[in-house]
Structure formats: C-alpha cells, structure tokens
Amino acid sequence: MIEWTSSPPVPPTNATEPRRAVADIQATRVPVSQRLAKALAHPLRMHILVETNKRPMSATEFARHFGSGVTPSKAAQHFRYLQKLGCLEVVE
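Right, here's the structure in full:
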C-alpha cells in the first residue's frame, strides 16, 4: 500500500537562508504561492493536506476517514495532483 504524507520543510543550510519546502528545491518552476493557491483551491485538497500532516495515509484510508461521497479514486486523483504540486510525497 502506498501512503502519502505532507512534504516536510527543508532546514536552512545557514542562518541567513530562509526555510524552503522540499518542492522548492525540485525541478518545478511554479512559485510556492501559486502552488499553494492551486493546492488549496479545492476544499477536499485542503482536508487531504491537514490529514496527511497528522499521519501518513493512503488515498483509500483518506476516503474511508472522510466519508461523505469521497471515493478512493477521487481521493487518489487529488493525492496525485498534490504530489505534482510538491505538497505531498510518497512514503513506503
């Protein structure tokens, strides 16, 4: 089973450098604020980020936990989108 977790911040390399998210260091060229706006544009994605920040979980676990019409496939679609934005990472 694949579990997901919110991407942790990367500690600064020196005292003058601000903290950056893991996704900032990766190949993506989308500014952090734009990625965050896209991630939070859908209420379900906001719930996914909150829950995966508490503990790693699969899309199926999230769908079961959230209930109210969220199917595992719908949750998985949002999980993949958040991963593409650099907001989630796969943990095994």
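Under our numbering, think of the first position of the sequence shown as 9, with each following residue one higher.
All residues carry an ideal CB built from backbone N, CA and C; glycine is no exception.
Just so it is clear, the structure is predicted and the values come from calculations on it, not from any experiment.
**Study point:** Own chain partners of A71 with C-beta closer than 8 Å, once the 5 adjacent residues on each side are dropped
**Key:** Locating residue 71 in the sequence shown gives position 63, where the first residue counts as 1. Closer than 8 Å at Cβ, skipping near neighbours: V78, T79, P80, K82 and A83.
**Prompt:** Excluding the five sequence neighbours on either side, which residues of its own chain have a C-beta within less than 7 Å of the C-beta of H55, listed in chain order?
**Reply:** Counting from 1 along the sequence shown, the entry for residue 55 is found at position 47. Result list for H55: F74, in chain order.
Suppose contacts are defined by Cβ-Cβ distances below 8 Å. Is R63 in contact with L90 by that definition? In the sequence shown, counting from the first residue as 1, residue 63 sits at position 55. In the sequence shown, counting from the first residue as 1, residue 90 sits at position 82. Their beta carbons are not under 8 Å apart, which means R63 does not touch L90 by this criterion.
Q) From V99 to R43, what distance separates their C-alpha atoms? A) Your numbering for residue 99 matches position 91 in the sequence shown. Your numbering for residue 43 matches position 35 in the sequence shown. If you take the alpha carbons of V99 and R43, they lie about 21 Å apart.
S66 versus C95 - alpha carbon distance: Counting from 1 along the sequence shown, the entry for residue 66 is found at position 58. Counting from 1 along the sequence shown, the entry for residue 95 is found at position 87. Distance from the CA atom of S66 to the CA atom of C95, rounded to whole angstroms, is 15 Å.
I need the boundaries of the alpha helix (DSSP H) containing V58, first residue and last residue.
Along the sequence shown, one-based indexing puts residue 58 at 50. Run containing V58: P51 to K62, per the alpha helix (DSSP H) assignment.
### Query
Straight-line CA distance for A35 to V58?
Locating residue 35 in the sequence shown gives position 27, counting from the first residue. Locating residue 58 in the sequence shown gives position 50, counting from the first residue. Low confidence applies to A35: its pLDDT is 44, below 50, so where it sits in the model is not reliable, and the reading given next is rough at best. Distance between the alpha carbons of A35 and V58: 25 Å.
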